[in-house]
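*Asks:* Each residue of the sequence shown is one higher than the one before, counting from 1 in my numbering. Backbone N, C-alpha and C define an ideal beta-carbon position, used for all residues, glycine too. As the structure is a prediction and not an experimental result, all values here were calculated from the model.
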Amino acid sequence: MKTCLIVDDSRVIRKVSRHILETLGFSVDEAENGQEGLNKCMENMPDVVLLDWNMPVMTGIEFITQLRQRDGGDKPKVVFCTTENDVAHIREAISAGADEYVMKPFDHETLQIKLQLVGMA
Numbered sequence: 001m002k003t004c005l006i007v008d009d010s011r012v013i014r015k016v017s018r019h020i021l022e023t024l025g026f027s028v029d030e031a032e033n034g035q036e037g038l039n040k041c042m043e044n045m046p047d048v049v050l051l052d053w054n055m056p057v058m059t060g061i062e063f064i065t066q067l068r069q070r071d072g073g074d075k076p077k078v079v080f081c082t083t084e085n086d087v088a089h090i091r092e093a094i095s096a097g098a099d100e101y102v103m104k105p106f107d108h109e110t111l112q113i114k115l116q117l118v119g120m121a
């Protein structure tokens, strides 16, 4: 079973994302900030990370930058899930190591398409 870590400070977003991912056959874990997410990755590297941009403690950009520097941190597919939709933010996310980008709010179909684009659905 494929694994996904949802890193988002919004409990509602984590709950909705978990529901979508579980219907797609993923085993799901959650973290409410980038530092907690990084710790969970070091314990058990997921196949996919759904990553929020703006979070307390450690932002999404800080998370992906540190993740990609760790052993095995190049393996997870990272999909940024955020309200930031300007070209500069998208470019920054991709440059930092993101594989895809999805706008909030998103639905089952949109997330499934993004996961297909990174080879995970």
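Terminal residues of the continuous alpha helix (DSSP H) containing PHE80?
*Replies:* In the sequence shown, residue 80 corresponds to position 80, counting from 1. Taken as a continuous stretch (DSSP letters only), PHE80 belongs to no alpha helix (DSSP H), being part of the beta strand (DSSP E) at 77-82.
*Asks:* Taking only three categories from DSSP, how would you classify MET1?
*Replies:* For the purposes of this step, residue 1 is identified with residue 1 of the sequence shown, where counting begins at 1. Coil at MET1, not helix or strand.
*Asks:* Checking the sheet assignment: what are the DSSP bridge partners for GLU100?
*Replies:* Reading the sequence shown from its first residue, position 100 is the one you call residue 100. GLU100 is bridged to VAL79.
*Asks:* On the DSSP bridge list, what partners appear for SER27?
*Replies:* Walking along the sequence shown from the start, residue 27 turns up at place 27. Partner(s): THR3.
*Asks:* Does DSSP classify VAL49 as helix, strand or coil?
*Replies:* Along the sequence shown, one-based indexing puts residue 49 at 49. Strand at VAL49.
*Asks:* On the CB-based measure, 16 or more other CB atoms within 10 Å of its CB, does ARG91 come out buried or exposed?
*Replies:* Here residue 91 is taken as the residue at index 91 of the sequence shown, counted from 1. ARG91 should be labelled exposed.
*Asks:* When you compare each of LEU115, LYS104, MET120 to SER10 by their alpha carbons, which one comes out closest?
*Replies:* By one-based count along the sequence shown, residue 10 stands at place 10. If we check each option's Cα against that of SER10, LYS104 comes out closest.
*Asks:* Which residues mark the beginning and the end of the alpha helix (DSSP H) in which MET42 is found?
*Replies:* In the sequence shown, the residue the question calls residue 42 occupies position 42. Element bounds for MET42: 34-43.
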